[in-house]
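For reference, the structure is listed below as structure tokens.
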Amino acid sequence: MNDDLLAVRAQTHRFIDDFVRPAGDDWEEAGQVPRDVLRKMGDIGFFGLRIPEDLGGVGYGPLASTVFAEALGSSTYSGFAATVLVHTDMASPHLLHAGNSEQITRFLPRIISGDLITAIAITEADAGSDVAGMRTAAKPDGDGWRLNGSKMFITNGVHGNLIFVAARTNPEASGHQGITMFILEPDMHGFSVGRKLDKHGWRSSDTAELVFDDVWVPSENILGEVDRGFYAIMENFQNERLVLAALAIGESQEALDLTYEHTQNRKAFGATLFDKQTIRHRLAMLQGRVDALRTFAYDTAWRLEQGQDCVKQVSELKALAGELVNDVMYTCQQFHGGMGFMTETPIERMYRDARIGAIGGGATEVMLEEVAKRSYR
Ligand SMILES: Cc1cc2nc3c(=O)[nH]c(=O)nc-3n(C[C@H](O)[C@H](O)[C@H](O)COP(=O)(O)OP(=O)(O)OC[C@H]3O[C@@H](n4cnc5c(N)ncnc54)[C@H](O)[C@@H]3O)c2cc1C
Numbered sequence: 196m197n198d199d200l201l202a203v204r205a206q207t208h209r210f211i212d213d214f215v216r217p218a219g220d221d222w223e224e225a226g227q228v229p230r231d232v233l234r235k236m237g238d239i240g241f242f243g244l245r246i247p248e249d250l251g252g253v254g255y256g257p258l259a260s261t262v263f264a265e266a267l268g269s270s271t272y273s274g275f276a277a278t279v280l281v282h283t284d285m286a287s288p289h290l291l292h293a294g295n296s297e298q299i300t301r302f303l304p305r306i307i308s309g310d311l312i313t314a315i316a317i318t319e320a321d322a323g324s325d326v327a328g329m330r331t332a333a334k335p336d337g338d339g340w341r342l343n344g345s346k347m348f349i350t351n352g353v354h355g356n357l358i359f360v361a362a363r364t365n366p367e368a369s370g371h372q373g374i375t376m377f378i379l380e381p382d383m384h385g386f387s388v389g390r391k392l393d394k395h396g397w398r399s400s401d402t403a404e405l406v407f408d409d410v411w412v413p414s415e416n417i418l419g420e421v422d423r424g425f426y427a428i429m430e431n432f433q434n435e436r437l438v439l440a441a442l443a444i445g446e447s448q449e450a451l452d453l454t455y456e457h458t459q460n461r462k463a464f465g466a467t468l469f470d471k472q473t474i475r476h477r478l479a480m481l482q483g484r485v486d487a488l489r490t491f492a493y494d495t496a497w498r499l500e501q502g503q504d505c506v507k508q509v510s511e512l513k514a515l516a517g518e519l520v521n522d523v524m525y526t527c528q529q530f531h532g533g534m535g536f537m538t539e540t541p542i543e544r545m546y547r548d549a550r551i552g553a554i555g556g557g558a559t560e561v562m563l564e565e566v567a568k569r570s571y572r
């Protein structure tokens with residue numbers, strides 16, 4: 196921690212208190228975060244945290260993303276957090292890392308301001324964990340490419356204004372070869388939102404099925420090198436997984452704090468729930484696991500900031516965090532009793548929101564494969 200990171204944390208908590216907690220229920224109902232709230236975040240500078248200073252951002256690294264995501268996790272509205280983190284840490288980094296100077300000049304200022312909200316479209320109905328199985332394809336056509344196919348579960352897919360789409364551009368190449376990233380603007384002819392998807396949790400984030408029906412994408416909208424998109428996706432996964440783990444840690448800590456408060460106030464059998472040793476100990480064990488994982492997360496962020504190759508560590512972190520947040524929510528909801536089953540309590544929403552932690556951005560089993568590959572020969 197340093198003063199800059201502490202300031203990011205404090206500012207994020209202030210924003211959550213001022214704007215998220217009072218309106219979060221309405222956003223859950225509406226299935227989206229209002230654009231003026233996102234613009235406000237842009238004005239404050241949250242969307243430029245990872246953008247270099249010479250491009251109009253603040254120029255921080257993975258540690259700042261970790262602080263930011265952990266703080267957002269404390270909001271109890273992880274659909275809001277997902278809307279923001281997909282924009283800042285999962286989608287827009289593709290432009291930053293692979294975009295040419297013309298693309299960066301064209302889009303980046305409006306990404307920083309929140310006028311453009313970004314989405315990343317990789318998953319398909321028949322290809323999720325197995326990214327290389329994607330079938331959406333683009334063929335050269337004049338000074339551009341013809342895009343056909345569909346994408347599934349795309350966060351910010353309904354209301355986002357700039358979508359980075361992965362498509363197969365070399366039908367001869369097998370598996371992870373021959374995939375290219377394209378910058379798609381929603382007014383392109385042939386693009387449509389097939390369905391706005393209804394979800395178990397993350398209800399204030401919008402999630403869509405996207406359809407590409409002969410969409411002509413000009414060559415100037417190719418992002419990075421043709422046929423090399425798979426490697427860009429894998430590289431960006433490291434930051435994405437770090438941030439998802441930090442989000443899970445923030446969610447877990449908030450749930451434990453809420454449950455500590457509840458069990459201290461709630462009386463049963465002549466004492467508070469917290470007076471029961473079994474309850475204290477189960478909360479204490481979870482607190483120990485959260486504290487340990489937080490240290491591991493910041494160590495991982497620091498290593499990424501030094502440019503170290505940490506695929507194994509990031510995968511371990513993502514697997515551990517995705518499982519821990521579910522253990523925490525189960526126990527915290529249990530100790531809230533019947534109230535924890537009511538939609539008026541944050542823990543009920545947090546329990547639902549946590550489920551995706553073990554599935555999205557690399558399911559636990561997929562992460563464990565990455566760890567096993569790098570641990571045992
Ligand atoms: C709310 C939400 C938002 C999302 N946002 C985006 C987005 O913005 N952009 C995007 O591109 N994608 C997004 N996704 C997709 C998400 O990353 C995928 O759902 C995830 O990668 C899992 O893929 P899948 O759903 O196809 O599951 P599958 O690949 O079908 O896997 C199903 C289950 O099988 C198990 N499994 C899979 N592979 C293995 C293996 N090798 N060994 C053992 N077990 C295995 C796991 O338990 C896994 O959960 C989102 C998903 C959700 C639910």
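Per the working numbering, the sequence shown starts with residue 196, numbered consecutively.
Every residue, glycine too, gets a C-beta built ideally from N, C-alpha and C.
Computed from a prediction, not measured in an experiment: that's the story for all the values here.
Worksheet item: Under the rule that 16 or more other beta-carbon atoms within 10 Å means buried, what is TYR546, buried or exposed?
Response: Numbered from 1 along the sequence shown, position 351 holds the residue referred to as residue 546. It is buried - the Cβ of TYR546 has at least 16 other Cβ atoms within 10 Å.
Fill in: For ASN343 and ASP145, believed in contact at Cβ under 8 Å, the rounded distance
The displayed coordinates of the chain run from 196 to 572. Any statement about residue 145 would go beyond what the structure contains.
Item to complete: Going by CA-CA distance only, name the one from ARG204, ARG550, PHE469, ARG330 that's closest to VAL262.
Response: Looking up residue 262 in the sequence shown gives position 67. It is ARG204 whose Cα lies nearest to the Cα of VAL262.
Worksheet item: Given that a residue counts as buried once 16 or more other Cβ atoms are within 10 Å of its Cβ, and exposed if not, what is PRO541?
Response: Translated into positions along the sequence shown, residue 541 becomes position 346. Buried, because 16 or more other Cβ atoms sit within 10 Å of the Cβ of PRO541.
Worksheet item: Looking at C-alpha atoms only, which residue of ARG301, VAL561, ASP522, GLN448 is the closest neighbour of ALA264?
Response: By 1-based counting over the sequence shown, the position of residue 264 is 69. Of the listed residues, the one whose Cα sits closest to ALA264 is GLN448.
Worksheet item: Is it buried or exposed for THR490, if we count other Cβ within 10 angstroms and need 16 for buried?
Response: Against the sequence shown, residue 490 aligns to sequence position 295. THR490 is classed as exposed because its beta carbon has fewer than 16 other beta carbons within 10 Å across all chains shown.
Discussion item. So for SER447, helix, strand or coil by DSSP?
Written reply: Within the sequence shown, the letter at position 252 stands for residue 447. In the structure shown, SER447 sits in a helix (DSSP, three-state: H, G or I).
Worksheet item: If you draw a straight line from the C-alpha of ILE551 to the C-alpha of TRP397, how long is it?
Response: Stepping through the sequence shown from its first residue, residue 551 is reached at position 356. Stepping through the sequence shown from its first residue, residue 397 is reached at position 202. C-alpha of ILE551 to C-alpha of TRP397: approximately 8 Å in a straight line.
Worksheet item: To which residues does DSSP link LEU405 through a beta bridge?
Response: The count along the sequence shown starts at 1 and reaches residue 405 at position 210. LEU405 pairs with LYS346, VAL388.
Worksheet entry | Backbone CA spacing between GLY532 and PRO229 [nearest angstrom] | Along the sequence shown, one-based indexing puts residue 532 at 337. Along the sequence shown, one-based indexing puts residue 229 at 34. Cα-Cα distance, rounded: 33 Å.
Item to complete: Assign LEU258 to one of two classes, buried (16 or more other C-beta atoms within 10 Å of its C-beta) or exposed (fewer than that).
Response: The count along the sequence shown starts at 1 and reaches residue 258 at position 63. A residue is called buried when at least 16 other Cβ atoms come within 10 angstroms of its Cβ; LEU258 meets this threshold and is buried.
Worksheet item: ALA320 by DSSP, collapsed to three states: which one?
Response: In the sequence shown, residue 320 corresponds to position 125, counting from 1. Coil, per DSSP.
Practice prompt. Locate the beta strand (DSSP E) running through THR375, then write down its first and last residues.
Written response: As a first step, residue 375 must be located in the sequence shown, where it is residue number 180. First-last of the beta strand (DSSP E) with THR375: 374-379.
Worksheet item: Are the Cβ atoms of GLU404 and SER324 separated by less than 8 Å?
Response: On the sequence shown, residue 404 is found 209 positions in, with the first residue counted as 1. On the sequence shown, residue 324 is found 129 positions in, with the first residue counted as 1. The Cβ atoms of GLU404 and SER324 lie no closer than 8 Å to each other.
Worksheet item: Is the region 283-297 touching the region 455-465, taking contact as three or more C-beta pairs under 8 Å?
Response: With the cut-off at 8 Å, the region 283-297 and the region 455-465 do not touch.
Fill in: Per DSSP, cross-strand counterpart(s) of ILE428
Locating residue 428 in the sequence shown gives position 233, where the first residue counts as 1. None, per the DSSP bridge assignment.
Worksheet item: Opposite VAL326 in the DSSP bridges: which residues?
Response: In the sequence shown, residue 326 corresponds to position 131, counting from 1. VAL326 is not bridged by DSSP to any residue.
Worksheet item: Got a sec: does ligand 1 put a non-hydrogen atom nearer than 7 Å to the Cβ of LYS394?
Response: The residue given as residue 394 occupies position 199 in the sequence shown. Look at LYS394: its beta carbon is less than 7 Å from one of the heavy atoms in ligand 1.
Item to complete: Please confirm whether ALA549 and VAL520 have their CB atoms less than 8 Å apart.
Response: Here residue 549 refers to the residue found at position 354 of the sequence shown. Here residue 520 refers to the residue found at position 325 of the sequence shown. Taking the C-beta atoms as reference points, VAL520 is found nearer than 8 Å to ALA549.
Worksheet item: Anyone know if the C-beta pair for TYR455 and LEU478 falls short of 8 Å?
Response: What you label residue 455 is simply residue 260 of the sequence shown in a count that begins at 1. What you label residue 478 is simply residue 283 of the sequence shown in a count that begins at 1. The answer is yes: Cβ separation under 8 Å.
Fill in: Cβ-based burial, GLY445 [other Cβ within 10 Å; buried from 16]
The sequence position of residue 445 within the sequence shown is 250, counting from 1. So GLY445 ends up on the buried side.
Worksheet entry | Limits of the beta strand (DSSP E) - the one that ILE358 falls within | Counting from 1 along the sequence shown, the entry for residue 358 is found at position 163. Note, ILE358: beta strand (DSSP E), 357-363.
Worksheet item: How is the beta strand (DSSP E) around PRO247 delimited, first residue to last?
Response: For the purposes of this step, residue 247 is taken as the residue at position 52 of the sequence shown. It is not in any beta strand (DSSP E) - PRO247 carries neither H nor E in the DSSP assignment.
Worksheet item: Got a sec, what are the start and stop residues for the alpha helix (DSSP H) PRO541 sits in?
Response: Locating residue 541 in the sequence shown gives position 346, where the first residue counts as 1. According to the DSSP assignment, PRO541 belongs to the alpha helix (DSSP H) that extends over 541-549.
Practice prompt. Starting from ARG423, follow its DSSP beta bridges and name the residues at the other end.
Written response: The count along the sequence shown starts at 1 and reaches residue 423 at position 228. Paired residues: ILE374.
Worksheet item: Do THR271 and PHE348 come within 8 Å of each other at the CB atom, strictly closer than that value?
Response: Translated into positions along the sequence shown, residue 348 becomes position 153. Translated into positions along the sequence shown, residue 271 becomes position 76. Not closer than 8 Å, so no.
Discussion item. Buried or exposed, going by whether 16 or more other CB atoms sit within 10 Å of the CB of SER510?
Written reply: Taking the first residue of the sequence shown as 1, we reach residue 510 at position 315. Residue environment analysis places SER510 among the buried positions, since at least 16 neighbouring C-beta atoms fall within 10 angstroms of its C-beta.
Practice prompt. Determine the burial state of LEU247: buried for a count of at least 16 other Cβ atoms within 10 Å of its Cβ, exposed for fewer.
Written response: Here the question's residue 247 lines up with position 52 in the sequence shown. According to the sequence displayed, residue 247 carries Pro and not Leu. Classification for PRO247: exposed.
Item to complete: Please list, in chain order, all residues of the same chain as ARG330 whose beta carbon is under 8 Å from its beta carbon, the five residues on each side excluded.
Response: Locating residue 330 in the sequence shown gives position 135, where the first residue counts as 1. Closer than 8 Å at the Cβ level, and outside the excluded window around ARG330, lie GLU319, ASP321, ALA322, GLY344, ARG363.
Worksheet item: Thinking just about the alpha-carbon of each residue, which of PHE377, LEU250, HIS395 is nearest to the one in ILE317?
Response: Residue numbering aside, residue 317 sits at position 122 when the sequence shown is read from its first letter. When each option's Cα is compared against that of ILE317, the closest is PHE377.
Practice prompt. Using DSSP bridges, identify the partner residues of ALA314.
Written response: Translated into the one-based positions of the sequence shown, residue 314 becomes position 119. BP columns for ALA314 point to ILE358.
Practice prompt. Give the straight-line distance between the Cα atoms of GLU367 and MET236, rounded to the nearest whole angstrom.
Written response: Taking the first residue of the sequence shown as 1, we reach residue 367 at position 172. Taking the first residue of the sequence shown as 1, we reach residue 236 at position 41. Those two C-alpha atoms are separated by around 44 Å.
Practice prompt. Output the boundary residues of the beta strand (DSSP E) element that contains LYS334.
Written response: Here residue 334 is taken as the residue at index 139 of the sequence shown, counted from 1. DSSP places LYS334 inside the beta strand (DSSP E), whose first and last residues are 332-335.
Worksheet item: Does DSSP classify TRP497 as helix, strand or coil?
Response: Within the sequence shown, the letter at position 302 stands for residue 497. Of the three classes helix, strand and coil, the one that applies to TRP497 here is helix, per DSSP.
Worksheet item: CB-CB under 7 Å to VAL421, same chain, minus the five flanking residues each way: which ones, in chain order?
Response: For the purposes of this step, residue 421 is taken as the residue at position 226 of the sequence shown. Taken in chain order, the residues that qualify are THR364, THR375.
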